[in-house]
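Enquirer: Dumping the structure here so I can ask a few things about it.
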Amino acid sequence: MTTQAERADQPEQPEQGDPGLFGPGSVTWRIHGDQSMALAGFRALSLQAVHPLVMAGFDDNTVWFEDMWGRLQRTGEWVGTVTYGTTREAERAGKILRSVHAALPPGVEPETGLAYKVDDPALLTWVHVTETESFLSTYRRCGGVLRPGDGDRYVDEMRESARLVGIDPSTVPASEADVEDYYADVRPQLHVTEVARRNTLKFMRPQMPRWVRVTTPARPAWAGLVTLGIAMLPPWARRLYGLPALPGSDALATLNGFALRRVLGTLPLVVSGNPMYGAALRRTRGLRAA
Numbered sequence: 001m002t003t004q005a006e007r008a009d010q011p012e013q014p015e016q017g018d019p020g021l022f023g024p025g026s027v028t029w030r031i032h033g034d035q036s037m038a039l040a041g042f043r044a045l046s047l048q049a050v051h052p053l054v055m056a057g058f059d060d061n062t063v064w065f066e067d068m069w070g071r072l073q074r075t076g077e078w079v080g081t082v083t084y085g086t087t088r089e090a091e092r093a094g095k096i097l098r099s100v101h102a103a104l105p106p107g108v109e110p111e112t113g114l115a116y117k118v119d120d121p122a123l124l125t126w127v128h129v130t131e132t133e134s135f136l137s138t139y140r141r142c143g144g145v146l147r148p149g150d151g152d153r154y155v156d157e158m159r160e161s162a163r164l165v166g167i168d169p170s171t172v173p174a175s176e177a178d179v180e181d182y183y184a185d186v187r188p189q190l191h192v193t194e195v196a197r198r199n200t201l202k203f204m205r206p207q208m209p210r211w212v213r214v215t216t217p218a219r220p221a222w223a224g225l226v227t228l229g230i231a232m233l234p235p236w237a238r239r240l241y242g243l244p245a246l247p248g249s250d251a252l253a254t255l256n257g258f259a260l261r262r263v264l265g266t267l268p269l270v271v272s273g274n275p276m277y278g279a280a281l282r283r284t285r286g287l288r289a290a
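Printed below as a string of structure tokens:
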């Protein structure tokens, strides 16, 4: 049987009809094409930051705050290509990312003194799991439709994404219960470092052109999205940030997420839609959804 990776290395073939790594019947297509993904991204970044070694690798090897908008765009393009691109496009994106990670130098986390490598499978697994769980949790809490078993199916599907970044798919969670077990195992390693606090504050107040700050609600809207993303974190993660567990806070965050998704759903698709999703639908027209 030919694998996805082997097909990507074969001579060019017509790609019309290629479902890519997931296809139109997948839960991944449904979740990643939803308006809640904007909020889910903020939640994922906030959760990833509570791992000291992941945060150190981010801080030592990125120019995020000098080119934040470009970095966000490239991250969105990565998710879009892996989700909706052809098999060849997704495999090529994974190959490029793996080569970038492999070229980054090792470092040392300043507070713990622990050494790290960006392409350490343990650190890549943390990023993968927090991203997967954040996308699923946010979609669910914002009112996205999930049939029985869809959550487990999504976590299992996303192991293909783990493979692309260089993780053995058999070593990452394959179900929602596996995700909870993974979190329980890794939580003793987690805390919010000063680097994480500093970068979180920067992320809430990014650099914007003066005319944008003065004439648009972009800055308060951005801060509101980041704040809501943090509010939707698991209680144990919010405690790491030193946030109080106020009565009803989870329900309020869920209500606000639901309302945000409804508002985004009223915007024209040219604003809120994912163009890669549309291209994939056209490419796979006629394929039968599962």
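Everything in the sequence shown is counted per UniProt numbering, starting at 1 for the first residue and increasing by one. The beta-carbon is built from N, C-alpha and C at its ideal position, and this holds for glycine as well.
#1: Write down every uninterrupted run of the beta strand (DSSP E) in the segment 124–195 whose length is 3 residues or greater and which is fully enclosed by it, in chain order.
#2: Would you be able to state if there are at least three C-beta pairs under 8 Å between the segment 184–203 and the segment 30–50?
#3: Among THR83, GLY257 and ASP60, whose alpha-carbon lies nearest the alpha-carbon of SER137?
#4: What residues are listed by DSSP as bridge partners for VAL108?
#5: Using CA atoms only, rank isn't needed, just tell me which of SER249, ALA251 and THR86 is closest to GLY17.
#6: At what residue ranges does the segment 21–85 contain a whole run of the alpha helix (DSSP H), taking only runs of 4 or more?
#7: When the Cα atoms are used, what is the spatial distance from GLY107 to GLU89?
#8: Can you look up residue 298 in the DSSP assignment and give me helix, strand or coil?
#9: Whose CA, out of MET276, PRO235 and PRO206, lies closest to the CA of ARG71?
#10: Please report the residue range of the alpha helix (DSSP H) in which MET276 lies.
#11: Note down, in chain order, each residue of its chain lying with its Cβ closer than 7 Å to the Cβ of GLU133, except the 5 sequence neighbours on either side.
#12: Check ARG205 in the structure and name its three-state DSSP category.
#13: Could you tell me if THR266 is buried or exposed, where buried requires 16 or more neighbouring beta carbons within 10 angstroms of its beta carbon?
#14: Pull up the distance between the alpha-carbon of LEU164 and that of GLU91, whole angstroms please.
Expert: The short version:
#1: Whole beta strand (DSSP E) segments, 3+ residues: zero.
#2: With three or more CB-CB distances shorter than 8 Å, the segment 30–50 counts as touching the segment 184–203.
#3: Taking the first residue of the sequence shown as 1, we reach residue 137 at position 137. Relative to SER137, the option among THR83, GLY257 and ASP60 whose CA is nearest is GLY257.
#4: Here residue 108 refers to the residue found at position 108 of the sequence shown. Paired residues: ALA115.
#5: Here residue 17 refers to the residue found at position 17 when the sequence shown is read from its first residue. For the residues SER249, ALA251 and THR86, the minimum Cα distance to GLY17 belongs to THR86.
#6: The DSSP assignment places complete alpha helix (DSSP H) segments of no fewer than 4 residues inside the segment 21–85 at 27–32, 37–48, 52–61 and 68–84, in order along the chain.
#7: In the sequence shown, counting from the first residue as 1, residue 107 sits at position 107. In the sequence shown, counting from the first residue as 1, residue 89 sits at position 89. GLY107 and GLU89 have their C-alpha atoms spaced approximately 31 Å apart.
#8: Lying outside 1 to 290, the shown extent of the chain, residue 298 is not represented and no answer is given.
#9: On the sequence shown, position 71 is the one that residue 71 refers to. Answer by Cα proximity: PRO206.
#10: Here residue 276 refers to the residue found at position 276 when the sequence shown is read from its first residue. Element bounds for MET276: 275–283.
#11: Here the question's residue 133 lines up with position 133 in the sequence shown. Answer for GLU133: VAL179, listed in chain order.
#12: Taking the first residue of the sequence shown as position 1, residue 205 is located at position 205. Secondary structure at ARG205: coil, using DSSP grouped into helix, strand and coil.
#13: Start at 1 with the first residue of the sequence shown, and residue 266 comes out as number 266. THR266 sits exposed, since fewer than 16 C-beta atoms from the chains shown fall within 10 Å of its C-beta.
#14: Here residue 164 refers to the residue found at position 164 when the sequence shown is read from its first residue. Here residue 91 refers to the residue found at position 91 when the sequence shown is read from its first residue. Their Cα atoms are separated by approximately 7 Å.
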